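The next block holds one structure in the form of structure tokens; read it before the comments.
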Amino acid sequence: MRDSTLASRIHHNQIRDESTGVVTKVEKPEPIALRKRWMNDLAQAVAFLESLNLAHGDLRPENVLLDRDELKVTDFDRAAEIGTPIERCKTPYGRFMNDTEPGEANDRSAGHLGPRTEQFDLGSLYYFINYGFEVYGDRCLDPENPREHGPKTIDLLQNMIFPELNGDPLIDDIIHKRWHNKYRKVADLAEYTEALLVKEPSAAKDTEAGSSEDVTWKKALCQDLENRGLLEFLSSDEPAKLCFPLGWYRYSETA
């Protein structure tokens, strides 16, 4: 399948209750090796932006394109420097903070762009990829108005109440840590997901070049892109037309 979104790919595998919209069955889960590769690709892309002191700001399935099985992160119109106040929070790929959280928390505020927010977005994306539906998409939270369970989801996530994770233990651990802000930086997660991918025999060949990347070269590339005006470009009206292939910045001495 070419030129579709991650959202349409996963939705195609769902069976829904017509009266409530609740997902009752996932007919064809994606292969676990492919899911792990997607998780790593997303982590690497967001970590790359982080290395430029940028956050995507709108990570959700509709903003991830698929060319066959290759992912591309797109729609950079909300990308901004880390520390920028969040203007829009789209549950479940974001959450409002509660009054028990230190620092930036206040009622109905999503805080500021940074590792915490990007981690949470990725955690919900990982859940969508691996479970085949969005957070709480498999249950009716409001029997009186079953198709409008958004406010209930907002309240649950604001209070850090998440659905039970009962899938692959390694993947569930990553999702749990993402939701609970356990990684200091997105780059830390990217290192872990890459190591996890290398353990897959079918993926080892694909990741050989990536695992041999030179850290100094990557930093130099990031600085060069920043010097060339990437930040100004992302702040303009052009990023809505922009589409970065996730592997475009990969480097191998054998290439």
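The numbers in the UniProt record's numbering rise by one with no breaks, and the one at position 145 of the sequence shown is 145. For every residue, glycine included, the Cβ atom is placed at its ideal position computed from N, Cα and C. Note that the structure is a prediction, hence the values are computed from the model and not measured.
- Exclusion of the five residues before and after L122 leaves L42, A43, V46, L59, R178 as the residues of its chain whose Cβ lies within less than 7 Å of its Cβ.
- Our two residues, F133 and T153, have alpha carbons roughly 14 Å apart in a direct line.
- Contact between E62 and T117 does not hold, since their C-beta atoms are separated by about 18 Å, which reaches or exceeds 8 Å.
- Beta-bridge annotation (DSSP): D67 is paired with E70.
- In the DSSP annotation of this structure, I86 is not part of any beta strand (DSSP E), being labelled neither H nor E.
- Residue pairing by DSSP puts R16 in a beta bridge opposite V23.
- DSSP, read as helix, strand or coil, puts S8 in helix.
- In this structure, the straight-line span from the alpha carbon of S51 to that of V186 is close to 9 Å.
- Taking all protein chains shown into account, A195 has fewer than 16 neighbouring C-beta atoms within 10 Å of its C-beta and is therefore exposed.
- With three or more CB-CB distances shorter than 8 Å, the stretch 134 to 145 counts as touching the stretch 11 to 30.
- Annotated three-state conformation of L54 is strand, per DSSP.
- With 16 or more other CB atoms across the displayed protein chains lying within 10 angstroms of its CB, R37 is buried.
- Given a length threshold of 4 residues, each whole run of the alpha helix (DSSP H) inside the stretch 118 to 187 is given here in chain order: 150 to 158, 169 to 179.
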